[in-house]
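> In my numbering, the protein residues as written are 1 to 590.
No residue lacks a Cβ here, since even glycine has one placed at the ideal position from N, Cα and C.
Sharing a structure here in structure tokens format.
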RNA sequence: GGGGGCGUAGCGAAGAUGGUUAUCGCGCCGGCCUGUCAAGCCGGAGACCGCGGGUUCAAUCCCCGUCGCUCCCGCCA
């Protein structure tokens with residue numbers, strides 16, 4: 001029998017098609033058998049159309065229809081007709097019509113499903129990942145993957161419209177043991193040698209600038225052999241871009257325009273640009289994070305000198321030792337129970353705080369917690385924090401970093417608990433003025449905060465070596481709703497300056513030459529000033545889709561352990577394969 | 001490497017201070033049904049209660065260990 005090819009999709013039929021003969025192909029989404037009449041909701045990626053097998057159907061048709069089960073792939077030929085007035089389904093796109101089946105062909109059958117293909121699948125995630133091809137049939141996954149496609153399309157439309165060229169760079173590259181752990185690919189031809197998968201196309205895009213390509217972008221796969229998280233996979237996708245002859249202002253403007261274009265097109269949402277800017281120091285001091293969620297206020301205040309005046313010895317000691325006391329005002333939270341406060345304290349402790357001190361604000365002043373140490377200062381504390389009766393004050397005294405980050409975590413938890421923000425808001429901001437170097441206690445040396453090719457800010461150029469910790473870089477992150485969406489910098493294009501950076505991070509010229517000789521050599525040949533940025537596509541789509549993990553916007557993700565439950569990889573390989581690669585396994589996985 | 005949570009039928013859940021036959025919804029199988037759209041009704045099958053050990057007359061429940069998944073700290077230039 002000839003296969004019945006489709007003439008229409010399951011999403012497009014409406015009153016304009018009445019009386020037309022159509023063939024639709026798709027999957028049996030639902031079937032309702034009333035004995036002498038039967039309904040099938042046929043689904044394809046465009047929508048769902050109701051098929052009716054009427055009482056007057058031929059025995060052959062009725063027989064075929066009775067065989068249908070969930071997710072059978074079928075073809076239906078029939079006539080589009082309007083539903084009886086009281087049977088119209090206003091919640092369906094095609095709810096005014098139905099297809100009266102004349103012929104049904106079963107294209108393939110479907111075994112019993114491991115889970116229902118629902119709008120919201122409730123199966124455990126590892127099961128969903130194991131049967132990802134089924135999970136991807138669900139409405140929400142179809143929607144997410146389509147959104148991802150539209151975002152990628154928007155990226156291309158916008159950037160190409162702005163004169164960018166989409167250029168590919170290699171996937172098998174030289175390993176550079178800086179930063180994240182590399183994935184290595186053993187060489188067959190050269191025993192004991194390895195390629196690496198790129199953590200990003202960083203060096204190549206800089207070389208493309210040297211080549212004069214001026215405005216480059218690529219939707220690039222990046223690989224990092226580190227532990228996964230909800231917003232992190234060992235393999236992810238970046239919208240990688242680089243521009244010559246620019247300052248960070250130019251890059252901000254391109255990214256703002258690009259996001260505006262994408263949001264307008266896909267979500268019909270108007271983003272307000274330019275995005276606000278916060279220095280790294282401000283972000284840490286006020287929000288306790290370098291990726292603050294700015295959908296809500298809840299600012300952290302510093303009360304070191306005030307609280308060191310009271311009788312609470314712990315805070316006195318902290319301040320005397322050069323630490324700080326930070327305060328977070330929890331509005332209307334004086335009613336929180338001990339238990340609730342101690343839950344917040346647990347959160348603070350995860351981020352290294354030794355405890356979470358508190359005071360309740362009442363009409364009569366401060367009460368409970370550590371308030372008894374601050375009788376005389378209560379008015380000053382209330383004024384300083386802007387607290388009002390009914391509020392709760394939370395304090396951490398510690399090093400600046402610990403005090404800030406632990407209260408930052410409490411801040412996020414409080415905001416979620418108090419529902420201080422609209423989930424659907426998008427609150428973008430640029431975080432700028434990052435320090436260029438960080439002291440590594442483990443390595444006992446300065447390390448680049450971002451990477452070693454980032455430009456120090458001009459005012460620091462003369463004094464780089466004096467106090468590397470104070471050097472600010474031409475570095476910037478884009479954050480949205482507490483998620484780091486992009487990271488970039490203006491790059492160094494002066495080999496002499498580059499050498500000074502190597503020197504500060506303790507990388508000898510010989511070693512630098514071995515690892516990055518090609519880049520240094522390139523920079524001897526008229527490199528243009530350049531800079532770039534790389535928004536994470538997965539995270540962007542995750543936010544836009546309202547999802548809380550990037551796995552929901554990736555077709556075939558790994559789980560948090562870096563495994564793929566569907567094809568069960570990584571997997572072992574045969575001895576011949578290993579021998580060909582000159583490899584020997586010294587220890588097998590348990 | 002470390003901490004929290006979860007693990008009961010194909011799926012999602014409930015369960016008891018330790019006590020006969022482990023409960024519910026979806027799915028599956030069989031039957032009925034002419035307008036449903038999460039169709040409905042009747043009947044049925046399906047669970048070594050993650051795995052191993054311990055305590056006990058008795059463990060799905062308590063204890064110890066282990067495995068799997070997940071969230072987080074570390075890590076992620």
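(1) Do you know how far the Cα of residue 478 is from the Cα of residue 276?
(2) Would you kindly report the start and end of the unbroken beta strand (DSSP E) that includes residue 487?
(3) Return the chain-ordered list of same chain residues with a C-beta closer than 7 Å to the C-beta of residue 187, the five sequence neighbours on each side being excluded.
(4) Taking the continuous beta strand (DSSP E) assigned at residue 98, which residues delimit it?
(5) Alpha carbon to alpha carbon, how far is residue 583 from residue 191?
(6) In three-state terms, what does DSSP make of residue 454?
(7) For residue 203 and residue 438, what's the separation of their Cα atoms in angstroms?
(8) Does DSSP put residue 317 in a helix, a strand or coil?
(9) Should residue 76 and residue 99 be called a contact, given that it needs their Cβ atoms to be closer than 9 Å?
(10) What runs of the alpha helix (DSSP H), each 4 residues or longer, lie entirely inside the region 33 to 88?
(11) Would DSSP call residue 373 helix, strand or coil?
(12) Looking at the secondary structure, which residues open and close the alpha helix (DSSP H) in which residue 205 lies?
(13) On the premise that residue 406 lies in contact with residue 327, defined as a C-beta separation below 8 Å, what is that separation, rounded to the nearest angstrom?
(14) What three-state label does DSSP hand residue 258 in the structure shown?
(15) What is the DSSP secondary structure of residue 508, reduced to helix, strand or coil?
(16) Compare the beta carbon distance of residue 516 and residue 491 with 9 Å and say whether it is the shorter of the two.
(17) Take residue 37 as the anchor and find which of 26, 45, 51, 28 has the nearest alpha-carbon.
(18) Here's the rule: buried if 16 or more other CB atoms are within 10 angstroms of the residue's CB, otherwise exposed. What is residue 468?
(19) According to DSSP, simplified to helix, strand and coil, what is residue 460?
(20) With a Cβ-Cβ cutoff of 9 Å, do residue 53 and residue 74 count as a contact?
(21) With distances taken Cα to Cα, identify the nearest neighbour of residue 232 among 444, 549, 136.
(22) Could you give the distance in angstroms between the alpha-carbon of residue 258 and the alpha-carbon of residue 222?
(23) Hey, residue 254 and residue 347 are a contact pair by Cβ (cut 8 Å); roughly how many whole angstroms apart?
(24) Quick one: Cα of residue 137 to Cα of residue 551, how far?
(25) Is it true that the CB of residue 329 sits closer than 9 Å to the CB of residue 391?
(26) Got a sec, what are the start and stop residues for the beta strand (DSSP E) residue 426 sits in?
(27) Please work out which residues of its chain come closer than 7 Å, Cβ to Cβ, to residue 388, disregarding the five sequence neighbours upstream and downstream, and give them in chain order.
(28) Does DSSP put residue 236 in a helix, in a strand, or in coil?
(29) So what does DSSP say about residue 554, is it helix, strand or coil?
(30) Enumerate in chain order the residues of its own chain whose CB-to-CB distance from residue 565 is below 7 Å, with the five nearest sequence positions on each side excluded.
(31) Does the structure place the region 206 to 216 close enough to the region 171 to 190 that three or more beta carbon pairs sit under 8 Å?
(32) Considering residue 133, what are the terminal residues of the alpha helix (DSSP H) in which it resides?
(33) Return the bridge partner residues of residue 277 from the DSSP annotation.
(34) What residue range is occupied by the uninterrupted beta strand (DSSP E) comprising residue 195?
(35) So what's residue 252 in DSSP terms, helix, strand or just coil?
(36) The ligand MG and residue 318: does any heavy atom of the ligand fall closer than 8 Å to the residue's C-beta?
Reading from the atomic positions:
(1) Taking the straight line joining both Cα atoms gives about 10 Å.
(2) Residues 483 to 490.
(3) Closer than 7 Å at the Cβ level, and outside the excluded window around residue 187, lie 193, 194, 195.
(4) For residue 98, the enclosing beta strand (DSSP E) begins and ends at 97 to 108.
(5) In this structure, the alpha-carbon of residue 583 lies about 8 Å from that of residue 191.
(6) Reduced to three states, the DSSP call for residue 454 is strand.
(7) For residue 203 and residue 438, the distance between alpha carbons rounds to 22 Å.
(8) Helix, per DSSP.
(9) The answer is yes: Cβ separation under 9 Å.
(10) If we require 4 residues or more, the alpha helix (DSSP H) runs fully inside the region 33 to 88 come out as 59 to 67.
(11) Residue 373 falls in the helix class under three-state DSSP.
(12) Residue range 202 to 210 is occupied by the alpha helix (DSSP H) that includes residue 205.
(13) Wrong, their Cβ atoms sit about 12 Å apart, outside the cutoff.
(14) Residue state, collapsed to three classes: helix.
(15) Here residue 508 sits in coil by DSSP.
(16) Going by C-beta atoms, residue 516 is not nearer than 9 Å to residue 491.
(17) Nearest C-alpha to residue 37 among 26, 45, 51, 28: 51.
(18) Burial call: buried.
(19) In the three-state DSSP reduction, residue 460 falls in the helix class (H, G or I).
(20) In this structure, residue 74 does not lie closer than 9 Å to residue 53 by Cβ.
(21) 549 is the residue among 444, 549, 136 whose C-alpha sits nearest the C-alpha of residue 232.
(22) Taking the straight line from one Cα to the other gives about 21 Å.
(23) No, residue 254 and residue 347 are not in contact; Cβ-Cβ is about 38 Å, not under 8 Å.
(24) Approximately 15 Å, taken between the alpha carbons.
(25) Against a cut-off of 9 Å, the Cβ pair of residue 329 and residue 391 comes out as a contact.
(26) For residue 426, no beta strand (DSSP E) encloses it, and the DSSP letter there is neither H nor E.
(27) Shown here for residue 388: same chain residues with a beta carbon closer than 7 Å to its own, the five before and five after excluded, namely 361 in chain order.
(28) Reduced to three states, the DSSP call for residue 236 is strand.
(29) In the structure shown, residue 554 sits in coil (DSSP, three-state: anything other than H, G, I, E or B).
(30) Short of 7 Å from the beta carbon of residue 565, and not among the five residues preceding or following it, lie these beta carbons of its own chain, in chain order: 126, 129, 130, 559.
(31) With a cut-off of 8 Å, the region 206 to 216 and the region 171 to 190 do not count as touching, because too few Cβ pairs lie within range.
(32) Where residue 133 is concerned, the enclosing alpha helix (DSSP H) stretches over 132 to 135.
(33) When beta bridges are read from the DSSP output, residue 277 appears opposite 430.
(34) According to the DSSP assignment, residue 195 belongs to the beta strand (DSSP E) that extends over 194 to 196.
(35) Three-state result, residue 252: helix.
(36) This structure does not include the ligand MG; it has no bound ligands of any sort.
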